[in-house]
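**Student:** Sequential numbering of the sequence shown, starting at 1, is according to UniProt numbering.
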Amino acid sequence: MGRLGERLDERRFRLAALALALIGGLVVWIVSTELFPYLSLNHDEGVYLQQAGMLLDGQLFLRPPVPESFRPWFFVGSEQGFYPKYAPVAAAMFAVGRLAGDYTLALAAIAAANVALLITVVAETFRHEGRRFARATGLLAGGLLFLSPLFLINSSTFLSYAPTTLWNLLFAAAYLRADRTGNRALAAIAGLAIGIAFFSRPYTAVLFATPFVVHALWTLRDGRIALIRNGLTAAGGLLGVAVALGYNAFLTGDPFTFPYAAFAPLDGIGFGKRAILGHAKRYTPTLALTANAKVLATFFGRWGIAGVLGTALAACGTALAIVVPRKRLHARTAVLAGLFVSIPVGNVLFWGNFNILGDLETSGTGLIAFLGPYYHFDLLVPTAAFAAYAGLRGALRLRRLLQPRFDARQARVALAVCLLVAGAALAGVTASAASEPLERNGNVTSEYKQAYQPFENRSLANALVFLPTTYGRWLSHPFQALRNDPGFGGDAVYALAERQFAVVDAYPNRTYYRYVYGGSWSPTTGDASKGELRPITVRSGERLAVDGHFGIPGSPESVTVRLANDDNQSYYTTTRDNGTLDLRLVADERARVRGEVTPVNGSSIPLTGDTLTLSVFVDRGPTGGFGYRVELPFDRSGDTIRALTPTKEVCPAYRCGGGRGVVNGTSDGVSIDANLTAA
């Protein structure tokens, strides 16, 4: 009867763990599809999805027809082509979801696996306190994971933190069970799992594995059996390291140069000067401790398990499990508690924790406000484990206190009421903590919805779309929802507005568009960026002209016109005010401006380069001014000139940005129009 009861307990435990895992996967799938239909504010998602597409096509490099116009965000240029700065592990896991039908299925599966593996790890950790207690603690820890905004939101994005945690948890589960049973196959699996985690995120894997390595060294005193078992784990881990180094050698040419280091050599671990893409900082120990203190406060106060209540539970659970004397196997519990040391201490050395804060003085303005302290994602493991331990110990203690004072039925009712109140308190704190990041991300998604509206419910068969260089010469930054397939074919191809005629020549039989938006691209401020897709025509002839009409409101102090091309420029003045300034840009052997203007330093410039820029500056004196800009992409071959439909932009305070174009509908007499004709 005892064995039958044990089997029933085991079956119920597995069914409960499966149910929690499925619920976790379903919740993450809903959050991902509803909250992040256009991906998140972190543009690394587009990198992983682009990489996943490459892996599905059997490619490690992108070889676009015009490299300057097709370089994706966070890709490194090389003689073999472009390759991503990230390891391919997370991308490969996402690719499996695509094979199953949709990338989002991978997020749901990863979340479900993390819940199931956490339950297994916690149950294995506390097994020395009794099977039933250990299993109940594991199930409670799996349930508490849903009370973490960091888990729910980050698991719903195509980033590498949750996928790497999956391999870390698989390592922990296999290692702990192998330590208890002596199973060598599980020991080998543990090594392979941590090796894959190292391949995915090397430093993250090292921080997670450190307490287990200490435990493994401590168990060597058990003799030859422990030596063989831990040797198998080490061999599996070293195999993963070897694969990572081989991958480095193939991509970067040096096994010890990781792709992220090839992209930004100073973007690494340690103190001193740190830099990436023009953003540089001297990362001192003082700055590191200040930044990480803010990050940890954010984790334990808002993003962890049920905010401060979950943190208090985890602290109590850690004290109960470690400080109170237990049996010899409590060393396994100390391993899990060791993550409270290795992860925060190790992260002090990584300046990424400073970067996600945004403005250090007003922390919460950076990505941490939207996605949380994701570099500490693995810290959810011990937090959930020890919070569950404290919760279960408290429930058992409460039951023992109630039993002498009430009959069995009254005791059960009183216990149920107390547990419901505690659960409601935890849920309430979680809802309060999650409301702000959910609202912030929802607002960003609303902005994205307006920006991407021109692409919704619209066929772009055989199309080529030029995108603005909002943040520099990168695709998928910020428009990561607009990605090319690895072969740069497909129905729609997206290119930067760089070397546009080289792109047109590479795709001669397509319909051409230019994506433009009004205002500035700032999805976090609540200012909607309404976008438009504008058709592009190609004109050719011995002489081309652009007829421009520019609104000149009021009586400005002066209006200046500039025509520029490469290093050549010509200035004009005009007396036109309070109306419309009509200009004609003419291009043949040279380029010139005609209309109500007077040349200042020459009437024309040579027709060199690939873009003519016509700018109009309206100076309003002390009240400020604004400008207009028209850009004409062209190509000259012999006596024939080809040109594309020009871009037109209103520039507040004279500053034009990113070639984004402008959506018409300006007010107060500010307006612009420009039409290309063969003159």
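Each residue gets a CB set at the ideal place from its N, CA and C atoms; glycine is no exception. Being a predicted model, the structure only gives us computed values, none of them experimental.
Could you tell me the distance, in whole angstroms, from the CA atom of leucine 544 to the CA atom of isoleucine 605?
**Tutor:** Counted from its first residue, the sequence shown places residue 544 at position 544. Counted from its first residue, the sequence shown places residue 605 at position 605. Straight-line Cα distance between these residues: approximately 15 Å.
**Student:** Considering only C-alpha positions, which residue in the set Leu207, Phe151, Arg132 and Ala87 is nearest to phenylalanine 250?
**Tutor:** For this step, residue 250 is matched to residue 250 along the sequence shown. That would be Ala87, whose Cα lies nearest to the Cα of phenylalanine 250.
**Student:** Could you tell me the boundaries of the beta strand (DSSP E) in which histidine 279 lies?
**Tutor:** For the purposes of this step, residue 279 is identified with residue 279 of the sequence shown, where counting begins at 1. Histidine 279 -> beta strand (DSSP E) spans 279 to 283.
**Student:** Using the beta-carbon count (16 or more within 10 Å), is histidine 279 buried or exposed?
**Tutor:** On the sequence shown, position 279 is the one that residue 279 refers to. Result: exposed.
**Student:** May I have the straight-line CA-CA distance separating arginine 510 from glycine 602, to the nearest angstrom?
**Tutor:** Position 510 of the sequence shown, counted from the start, is the residue given in the question as residue 510. Position 602 of the sequence shown, counted from the start, is the residue given in the question as residue 602. Arginine 510 and glycine 602: Cα-Cα distance of roughly 39 Å.
**Student:** Helix, strand or coil: how does DSSP classify histidine 549 here?
**Tutor:** Working through the sequence shown from its first residue, we reach residue 549 at position 549. Histidine 549: strand per DSSP, three-state reduction.
**Student:** Take arginine 343 and list the residues in its own chain whose beta-carbon comes closer than 8 Å to its own, dropping the five residues that flank it on each side.
**Tutor:** The count along the sequence shown starts at 1 and reaches residue 343 at position 343. Note that residue 343 corresponds to isoleucine in the displayed sequence, not to arginine. Counting only Cβ-Cβ distances below 8 Å, and skipping sequence neighbours, we find Leu207, Phe208, His376, Asp378 and Leu379.
**Student:** Could you check which residue in Ser671, Ala678 and Ile672 has the C-alpha nearest to that of arginine 642?
**Tutor:** Against the sequence shown, residue 642 aligns to sequence position 642. Ranking the options by Cα distance to arginine 642, first place goes to Ala678.
**Student:** Taking only three categories from DSSP, how would you classify proline 486?
**Tutor:** Counted from its first residue, the sequence shown places residue 486 at position 486. Residue state, collapsed to three classes: coil.
**Student:** Assuming glycine 531 and glutamine 453 are in contact, meaning their beta carbons sit under 8 Å apart, how far apart are those beta carbons, in whole angstroms?
**Tutor:** Translated into the one-based positions of the sequence shown, residue 531 becomes position 531. Translated into the one-based positions of the sequence shown, residue 453 becomes position 453. That belief holds up - the Cβ atoms of glycine 531 and glutamine 453 are roughly 6 Å apart, short of 8 Å.
**Student:** Could you name the residues of the same chain whose beta carbon sits closer than 8 Å to that of leucine 99, not counting the 5 residues immediately before and after it, in chain order?
**Tutor:** Residue 99 sits at position 99 when you count from the first residue of the sequence shown. The answer, listed in chain order, is Leu56.
**Student:** Roughly how many angstroms lie between the CA atoms of leucine 563 and leucine 607, to the nearest whole one?
**Tutor:** The sequence position of residue 563 within the sequence shown is 563, counting from 1. The sequence position of residue 607 within the sequence shown is 607, counting from 1. Computed Cα separation, rounded: 11 Å.
**Student:** Once DSSP output is grouped into helix, strand and coil, what is the label at aspartate 378?
**Tutor:** Translated into positions along the sequence shown, residue 378 becomes position 378. Of the three classes helix, strand and coil, the one that applies to aspartate 378 here is helix, per DSSP.
**Student:** Have a look at the DSSP bridge pairing and note the partners of isoleucine 269.
**Tutor:** Mapped onto the sequence shown, residue 269 falls at position 269. Phe350, per the DSSP bridge assignment.
**Student:** Tell me the rounded alpha-carbon separation between leucine 320 and leucine 15.
**Tutor:** Here the question's residue 320 lines up with position 320 in the sequence shown. Here the question's residue 15 lines up with position 15 in the sequence shown. About 29 Å.
**Student:** Does the beta-carbon of arginine 473 have 16 or more other beta-carbons within 10 angstroms, so that it is buried, or is it exposed?
**Tutor:** Taking the sequence shown and counting its residues from 1, the one referred to as residue 473 is at position 473. Label assigned to arginine 473: exposed.
**Student:** Throw me the rounded Cβ distance for the alanine 390 and glycine 317 pair, which I believe falls under 8 Å.
**Tutor:** As a working note, residue 390 is residue 390 in the sequence shown. As a working note, residue 317 is residue 317 in the sequence shown. Correct: roughly 3 Å between the Cβ atoms.
**Student:** Answer yes or no: do phenylalanine 75 and phenylalanine 82 have a C-beta to C-beta separation smaller than 8 Å?
**Tutor:** Position 75 of the sequence shown, counted from the first residue, corresponds to residue 75. Position 82 of the sequence shown, counted from the first residue, corresponds to residue 82. In contact: phenylalanine 75 and phenylalanine 82 (Cβ atoms closer than 8 Å).
**Student:** Rounded to the nearest angstrom, what separates proline 652 and alanine 17 at their Cα positions?
**Tutor:** Within the sequence shown, numbered from 1, the residue matching residue 652 stands at position 652. Within the sequence shown, numbered from 1, the residue matching residue 17 stands at position 17. Whole-angstrom Cα-Cα distance: 58 Å.
**Student:** Helix, strand or coil for arginine 400 per DSSP?
**Tutor:** As a first step, residue 400 is located in the sequence shown; it is residue number 400 there, counting from the start. Of the three classes helix, strand and coil, the one that applies to arginine 400 here is helix, per DSSP.
**Student:** Under 8 Å by Cβ, that's how I've got leucine 585 and valine 559 pegged, so tell me the actual separation to the nearest angstrom.
**Tutor:** If you number the sequence shown from 1, residue 585 lands on position 585. If you number the sequence shown from 1, residue 559 lands on position 559. Not quite, the Cβ-Cβ distance comes to about 16 Å (not below 8 Å), so this is no contact.
**Student:** Cα-Cα, which of Leu60, Gly301, Ala384 and Pro486 is closest to alanine 141?
**Tutor:** Residue mapping note: residue 141 aligns to position 141 of the sequence shown, counting from 1. Checked all of Leu60, Gly301, Ala384 and Pro486; the closest Cα to alanine 141 is Ala384.
**Student:** Which value, in whole angstroms, describes the spacing of the CA atoms of glycine 195 and aspartate 566?
**Tutor:** Looking up residue 195 in the sequence shown gives position 195. Looking up residue 566 in the sequence shown gives position 566. Each residue's alpha carbon lies about 52 Å from the other.
**Student:** Considering Cα atoms alone, identify which of Gly253, Trp521 and Gly182 is closest to glycine 231.
**Tutor:** Counting from one through the sequence shown, the residue named residue 231 turns up at place 231. When each option's Cα is compared against that of glycine 231, the closest is Gly182.
**Student:** Among residues of its own chain, excluding the 5 on either side of asparagine 457, which ones have a beta-carbon nearer than 6 Å to its beta-carbon?
**Tutor:** Locating residue 457 in the sequence shown gives position 457, counting from the first residue. Cβ within range, chain order: n/a, list empty.
**Student:** So, helix, strand or coil for asparagine 509, using DSSP?
**Tutor:** What you label residue 509 is simply residue 509 of the sequence shown in a count that begins at 1. Of the three classes helix, strand and coil, the one that applies to asparagine 509 here is coil, per DSSP.
**Student:** Examine the ligand HEM and report whether any of its heavy atoms sits within less than 7 Å of the Cβ of glycine 625.
**Tutor:** Looking at this structure, you won't find the ligand HEM or any other ligand, since it has none at all.
**Student:** So what does DSSP say about alanine 497, is it helix, strand or coil?
**Tutor:** In the sequence shown, residue 497 corresponds to position 497, counting from 1. In the structure shown, alanine 497 sits in coil (DSSP, three-state: anything other than H, G, I, E or B).
**Student:** Since glutamate 456 is in the alpha helix (DSSP H), which residue starts that stretch and which ends it?
**Tutor:** Numbered from its first residue, the sequence shown carries residue 456 at position 456. Run containing glutamate 456: none; DSSP gives neither H nor E here.
**Student:** Spatial neighbours of leucine 329 within its chain, please: CB distance less than 6 Å, with the 5 preceding and 5 following residues excluded, ordered by chain position.
**Tutor:** Working through the sequence shown from its first residue, we reach residue 329 at position 329. For leucine 329, the pLDDT reaches just 49, beneath the cut-off of 50, and the residue's location in the model is therefore unreliable, leaving the point undetermined.
**Student:** Start and end of the beta strand (DSSP E) containing phenylalanine 626?
**Tutor:** Along the sequence shown, read from residue 1 onward, the residue named residue 626 stands at position 626. Where phenylalanine 626 is concerned, the enclosing beta strand (DSSP E) stretches over 625 to 637.
**Student:** Once the 5 residues before and after asparagine 353 are set aside, which same chain residues still bring their CB inside 7 Å of it?
**Tutor:** If you number the sequence shown from 1, residue 353 lands on position 353. Excluding positions up to five away in sequence, the list reads Ala291, Asn292, Val295, Asn347 and Tyr375.
**Student:** Provide the residue span of the beta strand (DSSP E) that contains phenylalanine 466, from first to last.
**Tutor:** Within the sequence shown, numbered from 1, the residue matching residue 466 stands at position 466. Here the beta strand (DSSP E) through phenylalanine 466 covers 463 to 467.
**Student:** In this structure, does DSSP put glycine 338 in helix, strand or coil?
**Tutor:** Position 338 of the sequence shown, counted from the first residue, corresponds to residue 338. DSSP places glycine 338 in helix when its eight states are reduced to three.
**Student:** Is it true that the stretch 24 to 33 meets the stretch 108 to 116, where meeting means three or more beta-carbon pairs spaced less than 8 Å apart?
**Tutor:** Short answer: they touch.
**Student:** For valine 96, which option in Gln51, Pro633 and Tyr572 has the closest C-alpha, if you only look at C-alpha atoms?
**Tutor:** Position 96 of the sequence shown, counting from 1, holds the residue named residue 96. Nearest C-alpha to valine 96: Gln51.
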